[in-house]
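A.B. asks: One structure follows; several queries about it will come next.
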Amino acid sequence: MRYSHILIPTTKEIPKDAVLPSHKMLLRAGFIQHVSSGIYNLLPLGKMVQDNIRNVIKEELDKAGCNEVQLGFVTPASLWEKSGRLNKYGRELLRFEDRKDNEFVLGPTHEEMMVNLVKQSVRSYKQLPINLYQINTKFRDEIRPRFGLMRGREFLMKDGYSFHANREDMNREFDLMEQTYKKIFTRLGLDFRVVEADSGAIGGSGSKEFMVLADSGEDTIVTCDKCEYAANVEAATAKPKPRPREEMEAEFAKFKTPGVTTIEEVSEFFKVDPYFVVKTVVKKAITDGESRLVAFVLRGCDTLQEVKALNAVDADDLIDASEQELADAGLVAGYVGPLELGIETVIDNSLEGEKCCIVGANETDYHLVGASFESFDKAQFKDLSEVQEGDSCPCCGGTLGYTKGIEAGHIFKLQDRYSKPLEATFLDENGKAKPFEMGTYGIGVSRLIAAVIEQNHDEKGCKWTKASAPFEAHIIVANSKDDQLAKLGDEVYDKLRENGIETLLDDRKDRFGAKMKDFELIGCPYGIIVGKGALEGKIEVVNRDNLDKIEIDMHEILNHLGV
RNA sequence: CGGAGUGUAGCGCAGCCUGGUUAGCGCACCUGGUUUGGGACCAGGGGGUCGGAGGUUCGAAUCCUCUCACUCCGACCA
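Under our numbering, the first sequence is numbered contiguously, ending at residue 583.
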């Protein structure tokens with residue numbers, strides 16, 4: 021492609037509102053254009069990158085036996101009612117009516133549509149398994165879109181769904197997809213981790229996320245320094261914290277503790293390790309629009325993991341309870357404890373069997389010491405605590421630490437979460453109707469464009485990986501008004517193209533400096549300078565990654581690009 | 001939804017507080033010329049319903065009311 025024939029509106033100005041490197045670079049280098057909150061146009065370069073990523077995904081999925089389809093972007097709201105997600109998804113669903121007042125939503129994900137498609141066309145176990153995917157626009161009316169392509173409202177996503185006659189086969193496909201995703205992210209040249217994850221609003225059991233490691237990532241990942249263990253902090257577990265050497269010993273008794281309300285104060289007051297001081301966090305749980313108070317009980321040294329808490333009580337939402345709401349339920353902020361509490365109580369696993377600790381007495385200015393958890397029902401104990409840096413790995417005992425990641429892919433075992441309510445069944449070997457066992461597999465395609473840059477950029481601009489780059493080579497003709505140089509530039513350009521190398525030829529009548537700046541900003545892997553040495557048959561090759569320049573003979577160019 | 005802020009040329013901004021010629025500046029753009037290895041220079045030029053509606057006033061980018069959009073922090077979320 022000749023620069024003079026392609027629209028690449030680069031700018032020197034740093035966009036006012038962009039925060040993330042990827043957002044700034046993609047705007048400045050002319051890959052994307054802002055349209056509206058969370059909505060972007062892809063300009064030619066952006067479209068090329070997206071197509072490259074899309075092709076890698078498609079090739080690997082097709083190799084793994086998946087079928088590409090394309091579902092309607094506009095989907096009838098009735099399907100969403102049936103699956104029960106119309107309310108659960110809430111205002112993130114963009115709803116509207118057509119001229120006949122039929123209700124529709126813009127698809128934020130397509131479980132319902134895909135299940136419906138298969139329900140209408142698959143009758144027998146003999147037609148299974150089947151794995152269908154699409155790479156299509158999604159719309160989620162995010163409360164707060166931000167970070168450019170990273171969290172847009174409209175975005176391109178690959179979503180795949182597999183259908184199986186039994187759970188074993190679904191598990192097999194899940195593993196296959198994990199392997200396939202690894203190939204995809206590896207081919208794209210990304211540094212990533214596969215992590216254990218929470219299933220979120222989509223629902224289901226087993227779930228793994230593919231995290232592109234980058235400081236700007238929105239997710240916190242827990243990783244082990246000794247083994248392969250990695251998990252989203254929302255789902256991560258650790259070995260129980262070691263008991264303090266000094267055990268707490270006390271008879272059950274009520275103590276007056278005026279003004280002593282925080283864990284630190286209680287711990288200080290009784291000269292006891294926070295490990296033995298019980299933290300009771302009361303939250304308002306919202307389920308199907310109904311709210312109720314729930315108490316989460318942990319050790320003083322632990323923190324509540326909100327997503328775990330949410331799952332533990334099967335709620336749609338958790339909100340901090342106000343002091344007034346506590347008072348209305350007969351509770352006193354600072355002195356809440358699990359004994360004789362009177363509201364739904366969930367207790368962290370680490371307290372199971374604990375015989376002696378300190379809890380709030382549910383009475384102003386009083387704590388109970390020597391409290392025991394032995395009388396609680398086993399079903400009340402769940403994993404609630406957030407893994408902290410320095411905790412021990414659940415697999416090998418190594419040390420756990422945090423890193424930041426960008427969620428670029430997510431695979432779930434859905435089982436019959438959707439097929440059952442949508443009555444999508446097939447006939448098994450015995451002629452009995454059974455709901456499909458399902459898996460679902462997503463990749464954020466447009467988000468990957470941003471993720472590549474988050475991981476690969478410098479202060480001068482983008483550094484595309486080979487598989488994602490809009491062009492592999494970018495020829496800079498030092499002076500395009502010099503006919504001889506322009507001609508030599510054309511020769512190099514033709515040679516590269518004849519050998520299948522996607523090439524951008526900067527034939528603009530601009531000065532050398534401006535062209536170099538644009539090369540660095542756009543970030544194709546190789547810059548090829550056709551300049552003063554070219555008349556003697558010498559050109560320079562610039563590696564965008566480290567900006568190293570080497571001078572070579574013009575006819576050796578193909579060797580240097582690894583052709 | 002809570003808090004904060006911004007809307008003036010394609011982009012980045014000044015002007016507004018204290019109303020008063022023809023609304024400026026930088027970048028970008030167009031024409032001519034010079035220049036050509038790190039975002040050139042000289043000369044000339046085009047481009048604005050000052051986010052929208054209403055109001056106050058002899059007169060509004062400027063003051064008042066309403067409204068819309070966008071951004072940032074938070075809650076929330078692929």
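Glycine included, every Cβ here is placed at the ideal spot set by N, Cα and C.
Give the list of continuous beta strand (DSSP E) stretches no shorter than 3 residues that lie fully inside the segment 250-288.
C.D. replies: Within the segment 250-288, the complete beta strand (DSSP E) runs of at least 3 residues are 250-252, 273-276.
A.B. asks: Compare the C-alpha of Leu388 against each of Val232, Gly357, Ala444 and name the closest.
C.D. replies: Of the listed residues, the one whose Cα sits closest to Leu388 is Gly357.
A.B. asks: Considering just the uninterrupted stretch of the beta strand (DSSP E) at Thr299, what are its terminal residues?
C.D. replies: The sequence shown places Lys at residue 299, not Thr. That run of the beta strand (DSSP E) goes 298-307.
A.B. asks: From Val89 to Thr206, what distance separates their C-alpha atoms?
C.D. replies: Approximately 25 angstroms between the Cα atoms of the pair.
A.B. asks: May I ask you to list the residues that DSSP assigns as paired with Val214?
C.D. replies: Paired residue(s): Phe230.
A.B. asks: In chain order, what residues of the same chain have a beta carbon less than 6 angstroms from the beta carbon of Ala256, not counting five sequence neighbours either side?
C.D. replies: Cβ within range, chain order: Val242, Val407.
A.B. asks: For the segment 477-489 against the segment 91-105, do three or more pairs of beta-carbon atoms, one drawn from each stretch, fall closer than 8 angstroms, so that the two count as touching?
C.D. replies: At 8 angstroms Cβ cutoff, the stretches do not touch.
A.B. asks: The ligand HEM and Ser311: does any heavy atom of the ligand fall closer than 7 angstroms to the residue's C-beta?
C.D. replies: You won't find the ligand HEM in this model; it holds no ligand whatsoever.
A.B. asks: My parser needs the alpha helix (DSSP H) runs of 4 or more residues fully inside the segment 419-458; what are they?
C.D. replies: For the segment 419-458, not a single whole alpha helix (DSSP H) run of length 4 or above is found.
A.B. asks: Determine the DSSP secondary structure at Tyr461, reduced to helix, strand or coil.
C.D. replies: Correct three-state label for Tyr461: strand.
A.B. asks: Between which two residues does the alpha helix (DSSP H) harbouring Met133 extend?
C.D. replies: Looking at the DSSP string, the run of the alpha helix (DSSP H) that includes Met133 is 131-141.
A.B. asks: Is DSSP giving Ala185 helix, strand or coil here?
C.D. replies: If DSSP states are grouped into helix, strand and coil, Ala185 belongs with coil.
A.B. asks: Given a threshold of 16 other Cβ atoms within 10 Å of its Cβ, counted over all protein chains shown, does Lys158 qualify as buried or as exposed?
C.D. replies: Classification of Lys158: buried, given that the 10 Å Cβ count is 16 or more.
A.B. asks: Whole angstroms is fine: what's the gap from Ala506's alpha carbon to Lys535's?
C.D. replies: So the two alpha carbons sit approximately 14 angstroms from each other.
A.B. asks: Is the beta carbon of Val253 closer than 8 angstroms to that of Phe230?
C.D. replies: Cβ atoms of Phe230 and Val253: not closer than 8 angstroms.
A.B. asks: Among the candidates Glu474, Ser98, Thr129, Ile542, whose CA atom is the shortest distance from the CA of Phe116?
C.D. replies: Checking every option, the nearest Cα to that of Phe116 belongs to Ser98.
A.B. asks: CA-CA distance, Asn151 and Val142?
C.D. replies: Those two C-alpha atoms are separated by around 12 angstroms.
A.B. asks: Does DSSP put Lys511 in a helix, a strand or coil?
C.D. replies: In the sequence on display, residue 511 carries Glu and not Lys. Residue state, collapsed to three classes: helix.
A.B. asks: Do three or more CB pairs link the segment 473-482 to the segment 44-53 at distances below 8 angstroms?
C.D. replies: Yes, the segment 473-482 is in contact with the segment 44-53.
A.B. asks: Return the chain-ordered list of same chain residues with a C-beta closer than 8 angstroms to the C-beta of Met133, the five sequence neighbours on each side being excluded.
C.D. replies: The answer, listed in chain order, is Leu91, Gly92, Thr95, Leu99, Gly127.
A.B. asks: Just tell me which of Gly362, Glu216, Val379 has its CA closest to the CA of Phe296.
C.D. replies: With distances taken between Cα atoms, Phe296 lies closest to Val379.
A.B. asks: Using a Cβ-Cβ cut-off of 6 angstroms (strictly less than) and excluding sequence neighbours within five positions of His130, which residues of its own chain qualify?
C.D. replies: If we look at His130 and ignore the five residues flanking it on each side, its Cβ neighbours are Leu91, Asp179.
A.B. asks: With 16 as the cutoff for other CB atoms within 10 Å, does Thr200 come out buried or exposed?
C.D. replies: Flag for Thr200 reads buried.
A.B. asks: Starting from Ala97 and walking both ways along the alpha helix (DSSP H), at which residues does that stretch end?
C.D. replies: Looking at the DSSP string, the run of the alpha helix (DSSP H) that includes Ala97 is 97-103.
A.B. asks: Please state whether the Cβ-Cβ distance between Gly547 and Arg564 is less than 8 angstroms.
C.D. replies: In this structure, Arg564 lies closer than 8 angstroms to Gly547 by Cβ.
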